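*Asks:* When we follow UniProt numbering, the leftmost residue of the sequence shown carries the number 1, and every step to the right adds one. All residues carry an ideal CB built from backbone N, CA and C; glycine is no exception. Everything numeric in this text was worked out from a predicted model, so none of it was measured. What follows is a structure written as structure tokens; I'll ask about it next.
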Amino acid sequence: MSALRIACDLENVEIVDLLIKHKADINKSDLKRCSPLHQACNEEHEEIAHMLSGQKQIKGADVNKSSIFNSCEKGYLPIIKLLIKDGVDLNRTDSTGLTSLMIAFKHLHFAVVYLLIENGSDSNIFPEIWKTIKNRTNIDEVPYFSIACRHGHEQIVKIFMKHGSDLLILDMIGDSPIIYALEGEHENIAILLLDHLKELGYKTKIQILSMALARGFETLATILTEACVQINDFDCNGYNPLILGCQKVDELLVDRSLSLEAVVHEVMNTSLKMASTNGHWKIVE
């Protein structure tokens, strides 16, 4: 371990400055491939990191491959701002194929996410390494845009939209960002997306209407019905809100569907059969 590396570890600004002036090798790494800059970022020693990253002879690999990823993982916003100012490549990947943006999202550092996107990180990346993951509950499985929608981070959602993210990007089971917004109970996000989704399929709109009614999102439901989404039409799975309410034994969804004049006789064989077969007599009534 070099003297400069030790001084960075101890946050001894005076010694770091002295060693730099005496031409210490600022790129020399220890046995764990940790350079002085990496260590300064790792310990969140902002002043020292600034001293090191400002040196013309520092290797870009150190900034790009170690310090930025480590700082995004830990949410070190001042350090990340510093590295961006010094020209870090935000779309470069680490040894596992993750970019700085992926790492920040993975660890839920949304202030860092905001900063990265504003400074040019690619927000549409859906890496091949994640396409084989089956369990949807893990945050690494879905497009970043959908994650932001599910968590209700409206400002980040707007940034994604501003930077041209695909509003219809799908996860591995075919769910789009607006579905994630509804699953996260964020009506404001769903309305925001719907306003920009003129090309959204009609059957998907029926699915969204069902979800809105089930969650009591009256504003969203009104927007859909005023846009001529019919309560008695079927989504891509063959359900309409009334049938779905019967299947899920959701009395509120059934009641709200009927309040919008869902036609019982058109779906009677399906909806009543579902409810009566399972003994859900309140639904039958």
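Run through DSSP, which three-state label would residue 158 get?
*Replies:* Residue state, collapsed to three classes: helix.
*Asks:* When you compare each of 91, 103, 89 and 86 to residue 75 by their alpha carbons, which one comes out closest?
*Replies:* Checked all of 91, 103, 89 and 86; the closest Cα to residue 75 is 103.
*Asks:* Can you tell me whether DSSP reads residue 212 as helix, strand or coil?
*Replies:* Three-state DSSP puts residue 212 in a helix.
*Asks:* Just how far apart, CA to CA, sit residue 229 and residue 210?
*Replies:* C-alpha separation (whole angstroms): 11 Å.
*Asks:* Helix, strand or coil for residue 6? Go by DSSP, reduced to three states.
*Replies:* Residue state, collapsed to three classes: helix.
*Asks:* Have a look at residue 243 and residue 226 and give me their C-alpha separation to the nearest angstrom.
*Replies:* Spanning the two alpha carbons is a distance of roughly 21 Å.
*Asks:* Pick out whichever of 119, 79, 78 and 114 has its Cα sitting closest to the Cα of residue 90.
*Replies:* With distances taken between Cα atoms, residue 90 lies closest to 119.
*Asks:* What's the call for residue 14, buried or exposed, on a 16-neighbour Cβ count within 10 Å?
*Replies:* The residue in question, residue 14, is exposed, as its Cβ has fewer than 16 Cβ neighbours within 10 Å.
*Asks:* Assuming residue 100 contacts residue 116 under a Cβ cut-off of 8 Å, what Cβ separation, rounded to an integer in Å, is found between them?
*Replies:* Going by Cβ atoms, the distance from residue 100 to residue 116 rounds to 6 Å, so yes, they are a contact pair.
*Asks:* Cβ of residue 71 versus every heavy atom of the ligand SAM: is any distance shorter than 6 Å?
*Replies:* As presented, the structure is devoid of all ligands, the ligand SAM included, so that no description of it is given.
*Asks:* Taking just the CA atoms, how far does residue 106 sit from residue 236?
*Replies:* If you take the alpha carbons of residue 236 and residue 106, they lie about 32 Å apart.
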